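Peer 1:
2 protein chains.
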Amino acid sequence: MVSFDSFTLCGGVPIYQQILLYLKRGAVSGAIADGDELPSRRVLSALLGVNPNTVQKAYRLLEEEGLIVSHTGSKSLMSLTAETLSRLRAELLAADTKEAVRAFRQMGLTKEEAVEWIERFWEEED
Amino acid sequence: MVSFDSFTLCGGVPIYQQILLYLKRGAVSGAIADGDELPSRRVLSALLGVNPNTVQKAYRLLEEEGLIVSHTGSKSLMSLTAETLSRLRAELLAADTKEAVRAFRQMGLTKEEAVEWIERFWEEED
DNA sequence: CCAACTGTATTATAGCAGTAATACGGCTCG
DNA sequence: CGAGCCGTATTACTGCTATAATACAGTTGG
Chain C
210 MVSFDSFTLC GGVPIYQQIL LYLKRGAVSG AIADGDELPS RRVLSALLGV
260 NPNTVQKAYR LLEEEGLIVS HTGSKSLMSL TAETLSRLRA ELLAADTKEA
310 VRAFRQMGLT KEEAVEWIER FWEEED
Chain H
210 MVSFDSFTLC GGVPIYQQIL LYLKRGAVSG AIADGDELPS RRVLSALLGV
260 NPNTVQKAYR LLEEEGLIVS HTGSKSLMSL TAETLSRLRA ELLAADTKEA
310 VRAFRQMGLT KEEAVEWIER FWEEED
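Taken in order, these protein sequences are the chains called C and H.
Per our numbering, the first sequence starts with residue 210, numbered consecutively.
Per our numbering, the second sequence starts with residue 210, numbered consecutively.
1. Looking at the structure shown, is GLU300 (chain H) part of a helix, part of a strand, or coil, going by DSSP?
2. With 16 as the cutoff for other CB atoms within 10 Å, does MET210 (chain H) come out buried or exposed?
3. Distance cutoff 8 Å, beta carbons only. Does LYS266 (chain C) sit that close to anything in chain H?
4. In angstroms, rounded to a whole number, what distance separates the CA positions of SER249 (chain C) and ALA299 (chain C)?
5. What is the rounded straight-line gap between the Cα of LEU318 (chain C) and the Cα of GLU322 (chain H)?
6. Mapping the DSSP letters down to three states, classify VAL252 (chain C) as helix, strand or coil.
7. First and last residue of the alpha helix (DSSP H) that includes GLY235 (chain H)?
8. Drop a sphere of 10 angstroms on the beta-carbon of ARG329 (chain H), count the other beta-carbons inside from all chains shown, and report buried for 16 or more, exposed for fewer.
9. Mind checking the region 281-306 of chain H against chain C and listing, in chain order, the residues whose C-beta falls within less than 7 Å of any C-beta there?
10. From the DSSP output, in three-state form, read off LEU294 (chain C) for me.
11. Check whether chain C comes within 8 Å of SER212 (chain H), counting only Cβ atoms and requiring the distance to be less than that.
12. Just to confirm my understanding: we take ILE228 (chain C), look at its own chain, exclude 5 residues before and 5 after, and list those with CB closer than 7 Å. What are they?
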């Protein structure tokens, strides 16, 4: 069963997208594996304190992308092939790195200063 | 006069927030200085291809934050004290770095791998 | 001076995100 | 079997983003 213990909602980004990112990044890290059961829509919505429709939207988008499989009556399961994981990893890393580099460059930092900030913040979180 | 030549709109983030970030990051980098003239609301909206009200919202929020001064009939000016710049720099760097580190950690990267990705992407953009 | 610009304000419209309440059909397990 | 889960679907409402069309007051510069 996929755990949402380390999931924390943060403002500014749509909740359904945060759920998408959490599951995709978990898959890339290996914490979430092919065949893992997902919490039901109702259970997860209660756990996160959001509307069931918000979770449903996230799950529906994941299914359209082929990352989960759903059948009426049964729990949804992660569906992760090697090719899917490879594609996901490249997509997410490129997007996040590009955005960070863009921000650092716009603020006039050198590459060395940017790396220093990353290293400084690396230990500070759980 | 503050230039928007290197400004590019991207989807997913409200336009007025992109304008806010562009001006704040420009101030932190030194490319935008205290007393610099800003394009008028009408001129900038035409330049970006967005509605004048969207630019007006960005400028209004900047004025509420004390980063620009506006007087009816005259162009708005950047208003950047040393303390303002110091606060801005700390705020923006912390926010951007924290978000990047969060993404890298959720994907299971080590600190060294994260730094490597930053360095790899550093040169690839203009 | 006065035309053309500036900032500011108002009202209306459309679309999307998120919430809320509800309903229906299928699977599981005691 | 049947109660209680599960996924799925529909409708309605709120708030934010962005657009659109005006209108008015103050400044600037030829």
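Beta carbons: idealized from backbone N, C-alpha and C, even for Gly.
Source: prediction; values computed, not measured.
Peer 2: The structure says:
1. Position 91 of the second sequence holds residue 300 (chain H). Three-state DSSP puts GLU300 (chain H) in a helix.
2. For the purposes of this step, residue 210 (chain H) is taken as residue 1 along the second sequence, with counting starting at 1. The residue is exposed, with fewer than 16 neighbouring Cβ atoms inside 10 Å.
3. If you number the first sequence from 1, residue 266 (chain C) lands on position 57. Chain H has no Cβ within less than 8 Å of the Cβ of LYS266 (chain C).
4. In the first sequence, the residue the question calls residue 249 (chain C) occupies position 40. In the first sequence, the residue the question calls residue 299 (chain C) occupies position 90. Going by the C-alpha atoms only, they are around 29 Å apart.
5. For this step, residue 318 (chain C) is matched to residue 109 along the first sequence. For this step, residue 322 (chain H) is matched to residue 113 along the second sequence. Using only the alpha carbons, I get a separation of about 20 Å.
6. As a working note, residue 252 (chain C) is residue 43 in the first sequence. Reduced to three states, the DSSP call for VAL252 (chain C) is helix.
7. Position 26 of the second sequence, counting from 1, holds the residue named residue 235 (chain H). Counting along the chain, the alpha helix (DSSP H) containing GLY235 (chain H) begins and ends at 224-238.
8. Here residue 329 (chain H) refers to the residue found at position 120 when the second sequence is read from its first residue. Under this definition ARG329 (chain H) is an exposed residue.
9. LEU301, LEU302, ASP305, THR306
10. For the purposes of this step, residue 294 (chain C) is identified with residue 85 of the first sequence, where counting begins at 1. Helix, per DSSP.
11. Position 3 of the second sequence, counted from the first residue, corresponds to residue 212 (chain H). Answer no: the Cβ-Cβ gap between SER212 (chain H) and chain C never drops below 8 Å.
12. One-based indexing of the first sequence puts residue 228 (chain C) at position 19. Sequence-distant Cβ neighbours of ILE228 (chain C) in its own chain, meaning closer than 7 Å and more than five residues away, are VAL264, ALA267.
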